[in-house]
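**Q** Next up is a structure, given as structure tokens.
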Amino acid sequence: MSVSVTLLWWGLAALTVAGAVAVLLVREMMRLMLGLGVFLVGIAGMYAWYGFGLLGVAEVFVYVGGVLVLFLLAITAMGRDSESRAIVRRFDIGAATVSVGLGAVLVLALGGMLPGTSPVAGATVERTADALLGTLLPQFEIAGVVLLVGLVAALAIVGGGEEK
Amino acid sequence: MNTLVLSCALVAAGLYGVLTRRDLVAVLASIEVMLGGASLLLVAYAAPGVATAAAGQGYALLVLAVGAAEAAVGIALLVSLIRRGRTRSEDITEVRG
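Each protein sequence line maps, in turn, to chains W and R. Each residue of the first sequence is one higher than the one before, counting from 83 in our numbering. Each residue of the second sequence is one higher than the one before, counting from 36 in our numbering.
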């Protein structure tokens, strides 16, 4: 693997980590959303780096173009967008211990089981469609049901308040 | 190994955010960080084989769909809380459908 490709991976990893740190630490809501956007773009870039261009584009369309805009809409609906600040507790040693412990356990448990990684150009749209409509059909159907239930739940939650 | 450490660090960081942030928007954003870390691991270790790559991309698309559904329900809860003038995550117990 060439040095430029490796450097690109590290650049995308830095972008992703910077976005995640912003989500964790920033108090101002709009900057928090900006951090989330940077994180999602970094993740989409990582997908593309591994050869999953379709997934990277879907990530940008669904998350950056859809979910992030929904978040911004919700923040604006709070009516205090310019001064809205997330409530941040002081450094919580218990939460930090649990989080670092979970991360360490995951690395130790998965480190010996997983094969090496490398970018590949094998995940074409045709093969992915074959997988989704073949071996992954039950999971595909379940995801459709989950989306439908999510939609109905969202309507029930928002509509329930209007009646009162 | 680098990808494994990065993914697990993202999951751990998201968990820290879920445990420490009290604003619902920040909690939802932290959950997105956790989902992103898990999807990255799925994609990275599916990549080397042609058959696993297609399955990995399929699974990652399903995770994407589930994440979008989670965000929709979360924002519906947020809108419901905003109507009551509250946005803290602990106020979520007051929401009735």
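Beta carbons are placed, not taken as given, at the ideal position from N, Cα and C, and that holds for glycine.
Using a C-beta to C-beta distance shorter than 8 Å, which residues of chain R count as neighbours of I125 (chain W)?
**A** As a working note, residue 125 (chain W) is residue 43 in the first sequence. By Cβ distance, chain R contributes G71, S74 and L75.
**Q** Where does R113 (chain W) fall in DSSP's three states?
**A** The count along the first sequence starts at 1 and reaches residue 113 (chain W) at position 31. Note: R113 (chain W) maps to helix in three-state DSSP.
**Q** In this structure, how does DSSP classify R56 (chain R) when only helix, strand and coil are distinguished?
**A** As a working note, residue 56 (chain R) is residue 21 in the second sequence. Strand.
**Q** For V231 (chain W), is the classification buried or exposed, using 16 other Cβ atoms within 10 angstroms of its Cβ as the cut-off for buried?
**A** Position 149 of the first sequence holds residue 231 (chain W). So V231 (chain W) counts as exposed.
**Q** For the stretch 103–118 of chain R, enumerate the residues whose C-beta is nearer than 8 Å to any C-beta of chain W, in chain order.
**A** From the stretch 103–118 of chain R, only A103, A104, E105, A106, A107, V108, I110, A111, L112, L113, V114, S115, I117 and R118 have a Cβ closer than 8 Å to chain W.
**Q** Using the Cα positions of A102 (chain W) and M115 (chain W), report the straight-line distance between them to the nearest angstrom.
**A** In the first sequence, residue 102 (chain W) corresponds to position 20, counting from 1. In the first sequence, residue 115 (chain W) corresponds to position 33, counting from 1. Those two C-alpha atoms are separated by around 11 Å.
**Q** If we call anything under 9 Å between Cβ atoms a contact, is A225 (chain W) one with L75 (chain R)?
**A** Within the first sequence, residue 225 (chain W) is the residue found at index 143, counting from 1. Within the second sequence, residue 75 (chain R) is the residue found at index 40, counting from 1. Their beta carbons are not under 9 Å apart, which means A225 (chain W) does not touch L75 (chain R) by this criterion.
**Q** When the distance is taken between beta carbons, is Y145 (chain W) closer than 9 Å to A79 (chain R)?
**A** Here the question's residue 79 (chain R) lines up with position 44 in the second sequence. Here the question's residue 145 (chain W) lines up with position 63 in the first sequence. Cβ atoms of A79 (chain R) and Y145 (chain W): not closer than 9 Å.
**Q** Using the Cβ count rule (16 or more neighbours within 10 Å means buried), how would you classify M36 (chain R)?
**A** Looking up residue 36 (chain R) in the second sequence gives position 1. M36 (chain R) comes out exposed.
**Q** For a contact defined as C-beta to C-beta under 7 Å, what are the partners of E141 (chain W) on chain R?
**A** Here the question's residue 141 (chain W) lines up with position 59 in the first sequence. Chain R residues near E141 (chain W): L99.
**Q** Check S74 (chain R) in the structure and name its three-state DSSP category.
**A** Residue 74 (chain R) sits at position 39 when you count from the first residue of the second sequence. Here S74 (chain R) sits in helix by DSSP.
**Q** Check each candidate in W:V149, W:L214 and W:A178 and name the one with the smallest Cα separation from A150 (chain R).
**A** Not covered by the structure: residue 150 (chain R). The range shown for chain R is 36 to 132.
**Q** Can you name the start and end residues of the alpha helix (DSSP H) that T56 (chain W) belongs to?
**A** Any answer about residue 56 (chain W) is impossible in this case: the structure gives chain W only from 83 up to 246.
**Q** Specify the secondary structure class of S84 (chain W) as computed by DSSP and reduced to three states.
**A** For this step, residue 84 (chain W) is matched to residue 2 along the first sequence. Note: S84 (chain W) maps to coil in three-state DSSP.
**Q** Between which two residues does the alpha helix (DSSP H) carrying F153 (chain W) extend?
**A** Within the first sequence, the letter at position 71 stands for residue 153 (chain W). Its alpha helix (DSSP H) spans residues L150 to A159.
**Q** Go ahead and pull the three-state DSSP assignment for Y51 (chain R).
**A** Along the second sequence, read from residue 1 onward, the residue named residue 51 (chain R) stands at position 16. Correct three-state label for Y51 (chain R): helix.
**Q** If we count Cβ pairs, one from each stretch, closer than 8 Å, do we get three or more for the stretch 52–67 of chain R versus the stretch 186–193 of chain W?
**A** No: fewer than three Cβ pairs fall under 8 Å.
**Q** Who are the neighbours of V151 (chain W) on chain R, taking C-beta pairs under 9 Å?
**A** Residue mapping note: residue 151 (chain W) aligns to position 69 of the first sequence, counting from 1. Ordered by position in chain R, no residue passes the 9 Å Cβ test against V151 (chain W), which lies about 11 Å from the chain.
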